[in-house]
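Chains as they are written, first to last, in my numbering: chain A, 2 to 183; chain B, 7 to 377.
Note that beta-carbon positions come from the ideal geometry of N, C-alpha and C, so glycine has one too.
Values in this document were obtained by computation on a predicted structure and should not be read as measured data.
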């Protein structure tokens, strides 16, 4: 078993933390995992991405050219990863930040209005958790409970009061994605 | 101990603390600055020395001074910063004191960029500072291995009174992986019979790298090389993957090695008998195992994130008995597994000429693709 995920968006959209939450969940369920950020100078105010590889054996390459799973939180990321996604893969697209429909028909693009859902919950910063929740529809190795537990276990004490809203964001994202026609 | 998600650079810093690091001297440079940042918080809390020097030259010479007292001491930097340290490193080697240096390598030459690279292999393994001196060089490929080797590096440096370097590329420094930390070791300093740690009630000791008499310097060089013989006999480390029946053997260290592992698995799924040898010590280099594998392998493929530096050590071990091919990405580019898989498939179908220069063949292919 190996799963590869790229999460991409603007700096400030919680791209790196979104990936870390998945990495913690994978680790806590006993799997091997790598999390690697793009750490170039372009990070300042520009695009950011991270790659998460989850496996049941020693992980080789921490970088992936054609991931089966990706989250695109803005239009430049949608443009880039729609073309790079592996055939049959699933792309979670932040509908709030894109103004076009999917081009490829050999992948599943799931559009989720992450910003709007996050604002409904009461904190626009939760958009990354909405997207991670949506991704779980295509990531059977990690359940909603695993991600919730990972947040509980690893969120610093000063942020623990944010857990309920994070849980809501994850669930709303997952539910939205499950409702989308396959 | 339970597994925690550690970032490579921070894991190295904590592993050094737990191995009994008494003093750290350094200067910030991407992509290793987290080592410095982490230790700037951690060391003072433990009553240990952390100092951000005025430059890399200052830092390495502070390491030199502290090392003379027998303290567990280290510095860390990235490629251009390590270049600045080379004079000090040679003095440390000439004085025969133990010290640890971490190089989180980035794209070069020159100022280059901050992306992952392995272009400092030759500097670390063969060259660097002036004069004849051997040094131990460890090349971790994962966060756990970086932790384990960090602890080992101090033991090796002290055992052989020798510089031990950790070379890793920026991606190992920046990535997070689950890893277990060793227990905190007692920071009790060993009583070395050479250390200048206060001459109360004993004869004074002198540590220096100056031997004005060439014959004395020659004796020193002999002594260093005799000690190196022991290192070669005792300290070679490597990891083997799918080598039992491998006809094609990939050799790669650090990140190039672990990316190759993905390619080897993909090639195995296609029925190609390929395996991977990943040197963990690149100095001492695992010549013997390569010599043994030469009887089994019909072709070697060296994969590096440079233009073919370890390649020369592999060729030295293989001694022309079977062809050696090369594949590299350089300048801060990390290869993807499918590029290496393409190389494996090409080698598997078209025999590699033993006469061809592996670096030139690779360069011709690369520039043909680009053109």
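Report task. Can you give me, in chain order, the residues of the stretch 173–205 of chain B that have a beta carbon less than 8 Å from any beta carbon in chain A? Result -> Residues 176, 177, 180, 181, 182, 183, 184.
Query raised in the report: Are the CB atoms of residue 38 of chain B and residue 82 of chain B nearer to each other than 7 Å?
Result: Contact: yes.
Query raised in the report: Within 7 Å (strictly less), CB to CB, does residue 11 of chain B reach chain D?
Result: In the structure shown, chain D does not exist; the protein chains are A and B.
Query - residue 143 of chain A CB to nearest heavy atom of the ligand GDP below 6 Å - result: Absent from the structure shown: the ligand GDP. Ligands present: none.
Query raised in the report: Quick one: any contact between the stretch 114–124 of chain B and the stretch 70–81 of chain B, if contact means 3 or more CB pairs under 8 Å?
Result: Contact between the stretch 114–124 of chain B and the stretch 70–81 of chain B is absent, with fewer than three C-beta pairs closer than 8 Å.
Query raised in the report: Shortest alpha-carbon distance to residue 217 of chain B belongs to which of B:348, B:75, B:101?
Result: Just measuring C-alpha positions, the residue of B:348, B:75, B:101 sitting nearest residue 217 of chain B is B:101.
**Report entry** For residue 82 of chain B, the first and last residue of its enclosing beta strand (DSSP E)
**Finding:** 79–83 is the extent of the beta strand (DSSP E) around residue 82 of chain B.
Query raised in the report: How would you label residue 292 of chain B, buried or exposed, when you count the other beta carbons within 10 angstroms and need 16 or more for buried?
Result: Buried, since its Cβ has 16 or more Cβ neighbours within 10 Å.
Query raised in the report: Under 9 Å Cβ-Cβ, which residues of chain A neighbour residue 344 of chain B?
Result: For the C-beta of residue 344 of chain B, the chain A residues within less than 9 Å are, from N- to C-terminus, 66, 67.
Query raised in the report: How many angstroms separate the CA atom of residue 104 of chain B from the CA atom of residue 76 of chain B?
Result: Each residue's Cα considered, the two are about 8 Å apart.
Query raised in the report: Can you find a CB in chain B that lies within less than 7 Å of the CB of residue 49 of chain A?
Result: By this cut-off, residue 49 of chain A is not an interface position.
Query raised in the report: What residues match up with residue 122 of chain B in a beta bridge as DSSP calls it?
Result: For residue 122 of chain B, which the question treats as bridged, DSSP gives the partners B:112.
Report task. Below 9 Å between beta carbons is the criterion; list the residues of the stretch 33–60 of chain B that meet it against any residue of chain A, in chain order. Result -> Shown in chain order are the members of the stretch 33–60 of chain B whose Cβ falls below 9 Å from a Cβ of chain A: 36, 37.
Query raised in the report: If you draw a straight line from the alpha carbon of residue 179 of chain B to that of residue 145 of chain A, how long is it in whole angstroms?
Result: Residue 179 of chain B and residue 145 of chain A have their C-alpha atoms spaced approximately 30 Å apart.
Query raised in the report: Which residue from A:54, A:136, A:124, A:180 puts its Cα closest to that of residue 165 of chain A?
Result: The shortest CA-to-CA distance from residue 165 of chain A to any of A:54, A:136, A:124, A:180 is the one to A:124.
Query raised in the report: Quick check: the stretch 144–151 of chain B against the stretch 253–271 of chain B, are there 3 or more CB pairs under 8 Å?
Result: Under the three-pair Cβ rule at 8 Å, the stretch 144–151 of chain B counts as touching the stretch 253–271 of chain B.
Query raised in the report: What does residue 38 of chain A reach in chain B if we use C-beta pairs closer than 9 Å?
Result: For residue 38 of chain A, the neighbours in chain B by C-beta distance under 9 Å run, in chain order, 180, 181, 182.
**Report entry** Residue nearest to residue 63 of chain A in terms of C-alpha spacing, selected from A:106, A:109, A:103, A:6
**Finding:** Of the candidates A:106, A:109, A:103, A:6, the one whose C-alpha sits nearest the C-alpha of residue 63 of chain A is A:6.
**Report entry** Cβ of residue 107 of chain B within 7 Å of any chain A Cβ
**Finding:** Closer than 7 Å: no.
Query - Backbone secondary structure at residue 109 of chain A - three-state DSSP - result: When DSSP states are grouped into helix, strand and coil, residue 109 of chain A belongs to the strand group.
Query raised in the report: To which residues of the same chain is residue 128 of chain B closer than 7 Å at the C-beta, ignoring the five residues directly before and after it?
Result: Contacts found: 315.
Query raised in the report: Where does residue 89 of chain B sit, in a helix, a strand or coil, going by DSSP?
Result: In the three-state scheme derived from DSSP, where H, G and I count as helix and E and B as strand, residue 89 of chain B is classed as helix.
Query raised in the report: Would DSSP call residue 36 of chain A helix, strand or coil?
Result: Note: residue 36 of chain A maps to strand in three-state DSSP.
Requested in this report: Under 6 Å Cβ to Cβ from residue 91 of chain B, same chain only, skipping five residues before and after it: list those, please.
Outcome: Excluding the 5 residues flanking it on each side, residue 91 of chain B has same chain C-beta neighbours closer than 6 Å at 62, 66, in chain order.
Query raised in the report: Does the stretch 89–108 of chain A come close enough to the stretch 282–301 of chain B that 3 or more CB-CB pairs lie under 8 Å?
Result: Counting C-beta pairs closer than 8 Å gives fewer than three between the stretch 282–301 of chain B and the stretch 89–108 of chain A, which falls short of the contact rule.
Report task. Verify the CB distance criterion: does residue 268 of chain B have a CB-CB separation below 7 Å to chain A? Result -> Closer than 7 Å to some Cβ of chain A, the Cβ of residue 268 of chain B qualifies, so yes.
Query raised in the report: Could one say the Cβ of residue 274 of chain B lies closer than 7 Å to chain A's Cβ atoms, at least one of them?
Result: Residue 274 of chain B does not count as touching chain A.
Query - Simplified DSSP state of residue 32 of chain B, which is helix, strand or coil - result: Residue state, collapsed to three classes: strand.
Requested in this report: Please work out which residues of its chain come closer than 7 Å, Cβ to Cβ, to residue 203 of chain B, disregarding the five sequence neighbours upstream and downstream, and give them in chain order.
Outcome: The answer, listed in chain order, is 75, 76.
Query raised in the report: From the beta carbon of residue 264 of chain B, is the nearest beta carbon of chain A less than 7 Å away?
Result: Taking Cβ atoms only, chain A reaches closer than 7 Å to residue 264 of chain B, which makes this a yes.
Requested in this report: Given a cut-off of 7 Å, decide if residue 70 of chain A and residue 139 of chain A are closer than it, judged by their beta-carbon atoms.
Outcome: Yes.
Query raised in the report: Which residues in the same chain as residue 8 of chain A place their Cβ atom closer than 6 Å to its Cβ, once the five residues preceding and following it in sequence are excluded?
Result: By the criterion of a C-beta distance shorter than 6 Å, residue 8 of chain A is surrounded in its chain by 16, 19, 20, 51, 72, once the five residues flanking it on both sides are discounted.
Query raised in the report: Nearest to residue 119 of chain A by alpha carbon, out of A:48, A:175, A:155?
Result: Proximity to residue 119 of chain A across A:48, A:175, A:155 peaks at A:175, based on C-alpha coordinates.
**Report entry** Own chain residues within Cβ distance below 6 Å of residue 162 of chain B, not counting five before or after
**Finding:** The residues are 142, 170.
Query raised in the report: Is the beta carbon of residue 36 of chain A less than 7 Å from the beta carbon of residue 53 of chain A?
Result: In this structure, residue 53 of chain A lies closer than 7 Å to residue 36 of chain A by Cβ.
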